[in-house]
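Beneath this line is the structure, given in structure tokens, with notes to follow.
There are 2 protein chains.
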Amino acid sequence: MQDDRRLAVLRAIVEDYVATEEPVGSKALVERHGLGVSPATVRNDMAALEEEGFITQPHTSAGRVPTDKGYRMFVDRLATLKPMSVAERRAIATILDGAVDLDDVVQRSVRLLAQLTRQVAVVQYPTLSRSTVRHIEIVALTPSRVLAVLILSTGRVEQRVVELATDLDDAALADLRLRCNTVATGEIIADAVTGLRRLATEAPATAPVAEVLAEAMSDHRSDERVAVGGAANLARYGASFDLDVRPLLEAIEEHVVLLTLLGEATTGDTLTVRIGHEGPLQELASTSVVATGYGPGNEALATLGVVGPTRMDYPGSMAAVRAVARYVSRILDEA
Amino acid sequence: MQDDRRLAVLRAIVEDYVATEEPVGSKALVERHGLGVSPATVRNDMAALEEEGFITQPHTSAGRVPTDKGYRMFVDRLATLKPMSVAERRAIATILDGAVDLDDVVQRSVRLLAQLTRQVAVVQYPTLSRSTVRHIEIVALTPSRVLAVLILSTGRVEQRVVELATDLDDAALADLRLRCNTVATGEIIADAVTGLRRLATEAPATAPVAEVLAEAMSDHRSDERVAVGGAANLARYGASFDLDVRPLLEAIEEHVVLLTLLGEATTGDTLTVRIGHEGPLQELASTSVVATGYGPGNEALATLGVVGPTRMDYPGSMAAVRAVARYVSRILDEA
DNA sequence: GCTTGGCACTCCGGTCGGCCGAGTGCCAGA
DNA sequence: TCTGGCACTCGGCCGACCGGAGTGCCAAGC
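In order, the protein sequences belong to chains A and B. Numbering-wise (the working numbering), the first sequence opens with residue 3 and increments by one. Numbering-wise (the working numbering), the second sequence opens with residue 3 and increments by one.
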């Protein structure tokens with residue numbers, strides 16, 4: 003009995019604190035939420051919650067503030083996902099449907115997420131590793147110089163200029179194109195790489211191009227690409243600028259860091275929520291991450307999510323992240 | 003005679019203020035710079051400079067701060083470009099030479115500029131408008147669906163998926179590819195667009211693909227692409243966060259705004275310096291822009307530069323911007 | 001006529017003390 | 001088990017105060 007009410011109090015504290023950004027006291031609590039009990043009772047509950055480590059008070063005589071553990075309890079047991087409004091659903095659909103290519107999808111997703119959550123949004127470009135080769139194109143620029151273009155199933159395109167030791171005529175070029183496509187087209191990256199490497203040793207004439215293609219495929223730089231948006235939302239942080247915003251701003255620049263922050267892509271519909279110190283970086287102990295994997299056919303090719311202060315609107319952010327991830331996945335299904 | 007010293011005083015004020023971020027007084031001025039006169043003399047000069055509008059005092063009994071007009075005088079007549087150190091030159095060369103494609107060049111330039119100037123760096127992707135078509139590739143995905151790939155002389159690649167009303171066999175595909183390349187390859191964008199549009203009307207079978215290609219070429223979205231870096235440097239702003247950083251953070255998100263900020267690309271070696279209110283946006287009245295055009299053969303295909311507080315290190319920023327622009331241009335020359 | 005030292009004045013920024021109010025913990029009573 | 005009452009704590013705000021940096025002006029000197 004009391005246990006239920008205690009949790010209700012915790013939920014109320016989290017909601018109020020997120021809304022006002024100020025420590026919340028017992029009186030204000032019973033007024034704003036219809037708890038049906040007196041402030042004194044709430045005070046007892048608060049004392050118990052503090053004892054258990056869910057909340058804390060910044061100063062002896064101030065209101066209470068949720069701890070990371072309190073937020074954790076909130077998202078695990080108390081939060082119900084805020085359903086997206088019709089307008090929001092429509093916005094997601096119309097904005098994302100207007101995308102012309104993969105890059106555009108990613109960029110639009112980032113903007114969308116940032117707008118929906120009013121937070122910093124991060125979207126990882128789909129990784130090469132699990133996609134397949136759709137086509138390889140080889141174009142002569144000069145007789146001794148070709149452009150190799152690699153088109154992947156995710157819609158990503160990579161291109162490299164290759165210098166050749168010897169000149170190539172049209173027939174040789176066509177042969178080269180055929181050989182490369184034969185070993186690579188339709189294969190997943192890993193197999194295409196080994197195929198191309200073998201081709202390079204078996205037929206030395208193809209070596210320069212095949213090597214470059216294999217390299218482009220296994221280039222980890224591409225795996226580290228992310229798009230970031232909504233940095234302007236950091237301006238709303240208000241208090242504790244140096245403490246919270248500076249490290250986050252730095253993390254945003256370092257895309258590699260962002261990726262570790264997003265964490266491993268989760269499969270299916272699972273949302274990952276990392277609260278404060280649970281994350282991998284101490285500097286970001288006061289920021290939380292809400293993320294999930296996305297990709298065609300519910301296979302998590304990459305991760306997207308939002309980063310914000312621990313005091314963030316978890317139900318709203320979680321709903322937005324999930325909705326966008328689902329929609330993007332559906333688009334990738336069709337492509 | 004006095005005039006010369008007055009300008010020396012102005013220069014000293016700008017340098018000191020940029021270094022310390024604090025209003026500079028007459029006493030500190032004669033101490034740190036070997037002016038050879040007494041503080042009282044400097045005070046008279048300062049009064050004159052204030053009269054002419056080059057400096058101002060925030061409060062009755064504080065030191066002086068340069069006005070926008072003061073900075074303008076400084077960059078026009080007093081500043082000598084800070085030569086790049088050997089280490090810096092080498093850093094530019096090694097970092098930029100490692101780039102694998104156009105996107106990579108742009109991204110590396112942004113990081114480089116941000117690091118060199120410790121400021122927010124902005125690099126516009128080379129515009130389509132003055133480049134030529136290197137090659138068009140058309141790849142079948144399914145019989146009624148093709149991928150059109152457009153390769154430009156700047157190294158940029160655009161790709162679009164096109165749905166066809168009727169199925170295409172290999173011969174028809176080859177024919178389509180040939181026709182498109184015949185009208186477009188080697189042409190500048192504007193001519194290629196008209197050529198493709200004519201092709202679409204003359205040979206209706208080619209219409210869907212030709213239209214999409216023409217559209218991709220004239221797509222102004224591509225003209226608006228910019229890369230931004232060094233946002234973390236905003237954390238060093240310290241004072242006046244809401245006033246200075248917030249609007250800048252917002253501008254960084256809006257790439258279109260950034261482009262108007264960078265302004266028209268200047269040709270040749272000319273550096274554009276816009277100080278405070280001289281820029282197009284009132285919200286950014288306390289930020290300055292140092293920019294210049296870049297591109298192969300000294301033809302300004304795009305603009306790059308840095309954005310920072312009016313109180314910035316102009317000699318250093320100008321030197322860095324010019325050095326990076328020159329080096330990038332040289333790379334594009336070779337490509 | 002320019003420069004200089006002296007001097008009175010202004011005003012910013014930091015510190016100190018006191019007050020107020022929000023919020024708490026505890027206790028006795030229902 | 002809940003509730004009302006009460007004493008207590010402490011942070012934030014306001015006003016006063018003070019020191020210091022810097023200025024403007026003036027009269028004297030080179």
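By construction, the Cβ of each residue, glycine as well, lies at the ideal position given by its N, Cα and C atoms.
What is the rounded straight-line gap between the Cα of Phe347(A) and the Cα of Gln109(A)? Residue numbering for chain A in the displayed model covers 3 to 337; residue 347(A) lies beyond these limits and cannot be assessed.
Buried or exposed, going by whether 16 or more other CB atoms sit within 10 Å of the CB of Gly299(B)? Residue 299(B) sits at position 297 when you count from the first residue of the second sequence. Looking at its Cβ environment, which holds fewer than 16 other Cβ atoms inside 10 Å, Gly299(B) is exposed.
Report the neighbours of Glu165(A) on chain B: residues whose CB is nearer than 9 Å to its CB, in chain order. By one-based count along the first sequence, residue 165(A) stands at place 163. Result: empty, since nearest Cβ-Cβ is about 12 Å, beyond 9 Å.
For Thr289(B), which three-state DSSP category applies? On the second sequence, position 287 is the one that residue 289(B) refers to. Strand, per DSSP.
Any Cβ of chain A within less than 8 Å of the Cβ of Glu252(B)? Translated into the one-based positions of the second sequence, residue 252(B) becomes position 250. Taking Cβ atoms only, chain A reaches closer than 8 Å to Glu252(B), which makes this a yes.
Mark Ala212(B) as exposed unless 16 or more other C-beta atoms lie within 10 angstroms of its C-beta, in which case mark it buried. Counting from one through the second sequence, the residue named residue 212(B) turns up at place 210. Result: buried.
Buried or exposed: which applies to Ala150(B), given that a residue is buried once 16 or more other Cβ atoms fall within 10 Å of its Cβ? Looking up residue 150(B) in the second sequence gives position 148. The residue in question, Ala150(B), is buried, as its Cβ has 16 or more Cβ neighbours within 10 Å.
Whose Cβ in chain A lies nearer than 8 Å to the Cβ of Asp172(B)? Stepping through the second sequence from its first residue, residue 172(B) is reached at position 170. Here the premise fails: no neighbours, minimum Cβ distance about 13 Å.
Taking the alpha-carbon positions, what's the Gln59(A) to His279(A) distance? Numbered from 1 along the first sequence, position 57 holds the residue referred to as residue 59(A). Numbered from 1 along the first sequence, position 277 holds the residue referred to as residue 279(A). Roughly 18 Å between the two C-alpha positions.
Using alpha carbons as the reference points, say which of Asp171(A), Asp315(A), Asp221(A) lies closest to Ala192(A). Within the first sequence, residue 192(A) is the residue found at index 190, counting from 1. Nearest C-alpha to Ala192(A): Asp221(A).
Measuring only the C-alpha atoms, how far is Leu114(A) from Thr289(B)? The sequence position of residue 114(A) within the first sequence is 112, counting from 1. The sequence position of residue 289(B) within the second sequence is 287, counting from 1. So the two alpha carbons sit approximately 28 Å from each other.
For Ala209(B) and Pro128(B), what's the separation of their Cα atoms in angstroms? Stepping through the second sequence from its first residue, residue 209(B) is reached at position 207. Stepping through the second sequence from its first residue, residue 128(B) is reached at position 126. If you take the alpha carbons of Ala209(B) and Pro128(B), they lie about 28 Å apart.
If you draw a straight line from the alpha carbon of Glu217(B) to that of Glu252(B), how long is it in whole angstroms? Locating residue 217(B) in the second sequence gives position 215, counting from the first residue. Locating residue 252(B) in the second sequence gives position 250, counting from the first residue. Rounded to whole angstroms, Glu217(B) to Glu252(B) spans 30 Å at the Cα level.
Within 8 Å of any Cβ in chain A, is that where the Cβ of Ala237(B) sits? What you label residue 237(B) is simply residue 235 of the second sequence in a count that begins at 1. Taking Cβ atoms only, chain A reaches closer than 8 Å to Ala237(B), which makes this a yes.
What does the alpha-carbon distance come out to for the pair Val195(A) and Asp177(B)? For this step, residue 195(A) is matched to residue 193 along the first sequence. For this step, residue 177(B) is matched to residue 175 along the second sequence. Cα-Cα distance, rounded: 32 Å.
Beta-carbon contacts of Thr305(B) that lie in its chain and below 6 Å, excluding the five residues immediately before and after: Taking the second sequence and counting its residues from 1, one reaches residue 305(B) at position 303. The answer, listed in chain order, is Gln126, Leu264, Ala267, Ala293, Gly295.
Here's the rule: buried if 16 or more other CB atoms are within 10 angstroms of the residue's CB, otherwise exposed. What is Leu51(B)? Residue mapping note: residue 51(B) aligns to position 49 of the second sequence, counting from 1. By the neighbour-count rule (16 or more Cβ atoms within 10 Å), Leu51(B) is buried.
Local conformation of Thr168(A) per DSSP, three classes: Along the first sequence, one-based indexing puts residue 168(A) at 166. Looking at Thr168(A) - three-state DSSP - the assignment turns out to be coil, as it is neither helix nor strand.
Contact with chain B by Ala89(A), beta-carbon distance below 8 Å: Reading the first sequence from its first residue, position 87 is the one you call residue 89(A). No, no contact with chain B.
Bridge partners for Leu12(A) per DSSP, in chain order? Indexing the first sequence from 1 puts residue 12(A) at position 10. Leu12(A) is not bridged to any residue.
Anyone know if the C-beta pair for Arg313(A) and Glu24(A) falls short of 8 Å? For this step, residue 313(A) is matched to residue 311 along the first sequence. For this step, residue 24(A) is matched to residue 22 along the first sequence. No, these two residues do not count as a Cβ contact at 8 Å.
Residue range of the unbroken alpha helix (DSSP H) whose run includes Ala253(A): In the first sequence, the residue the question calls residue 253(A) occupies position 251. Residues 248 to 255.
Measuring only the C-alpha atoms, how far is Arg226(A) from Gly310(A)? For the purposes of this step, residue 226(A) is taken as the residue at position 224 of the first sequence. For the purposes of this step, residue 310(A) is taken as the residue at position 308 of the first sequence. According to the sequence displayed, residue 226(A) carries Glu and not Arg. Each residue's alpha carbon lies about 21 Å from the other.
Measure from the alpha carbon of Ser372(B) to the alpha carbon of each residue in Ala49(B), Thr168(B), Ala321(B), Arg136(B), then state which is nearest. Beyond the ends of chain B as shown, which are 3 and 337, falls residue 372(B); an answer cannot be given.
Determine whether the Cβ of Val247(A) lies closer than 8 Å to any Cβ atom of chain B. To locate residue 247(A), count along the first sequence from 1; it is residue 245. True, the Cβ-Cβ gap to chain B drops below 8 Å.
Report the neighbours of Val112(B) on chain A: residues whose CB is nearer than 7 Å to its CB, in chain order. Within the second sequence, the letter at position 110 stands for residue 112(B). Residues of chain A passing the Cβ test: none, with the nearest at roughly 10 Å.
Using the C-alpha atoms, what's the distance from Leu143(B) back to Asp99(A)? As a first step, residue 99(A) is located in the first sequence; it is residue number 97 there, counting from the start. As a first step, residue 143(B) is located in the second sequence; it is residue number 141 there, counting from the start. The alpha-carbon atoms of Asp99(A) and Leu143(B) are separated by roughly 20 Å.
What residue ranges within the segment 54 to 106 of chain B form continuous alpha helix (DSSP H) runs of no fewer than 4 residues, ordered along the chain? 70 to 75, 88 to 99
Quick one: list the residues of chain B neighbouring Ala233(A), beta-carbon separation under 8 Å, in chain order. The residue given as residue 233(A) occupies position 231 in the first sequence. Those within 8 Å of Ala233(A) in chain B are Ala233, Leu251, Ile254, Glu255.
Counting only Cβ pairs nearer than 8 Å, list the residues of chain A close to Leu149(B). Position 147 of the second sequence, counted from the first residue, corresponds to residue 149(B). Ordered by position in chain A, the residues that pass the 8 Å Cβ test against Leu149(B) are Arg136, His137, Ile153.
State yes or no: is the beta carbon of Asp177(B) nearer than 8 Å to at least one beta carbon in chain A? Within the second sequence, numbered from 1, the residue matching residue 177(B) stands at position 175. Not an interface residue.
For Glu35(A), which three-state DSSP category applies? Indexing the first sequence from 1 puts residue 35(A) at position 33. Looking at the sequence itself, residue 35(A) is His, so the reference to Glu does not match. Residue state, collapsed to three classes: coil.
So what's Leu263(A) in DSSP terms, helix, strand or just coil? Translated into the one-based positions of the first sequence, residue 263(A) becomes position 261. Correct three-state label for Leu263(A): helix.
When Cβ atoms are compared, which residues of the segment 115 to 128 of chain B fall closer than 9 Å to chain A? Ala116
Less than 6 Å between C-beta atoms, sequence neighbours within five positions excluded: which residues of the same chain meet that for Cys182(B)? Indexing the second sequence from 1 puts residue 182(B) at position 180. The answer, listed in chain order, is Ile138.
On the DSSP bridge assignment, give the partners of Ile138(B) in chain order. Reading the second sequence from its first residue, position 136 is the one you call residue 138(B). Looking at the DSSP assignment, Ile138(B) forms a beta bridge with Leu152(B).
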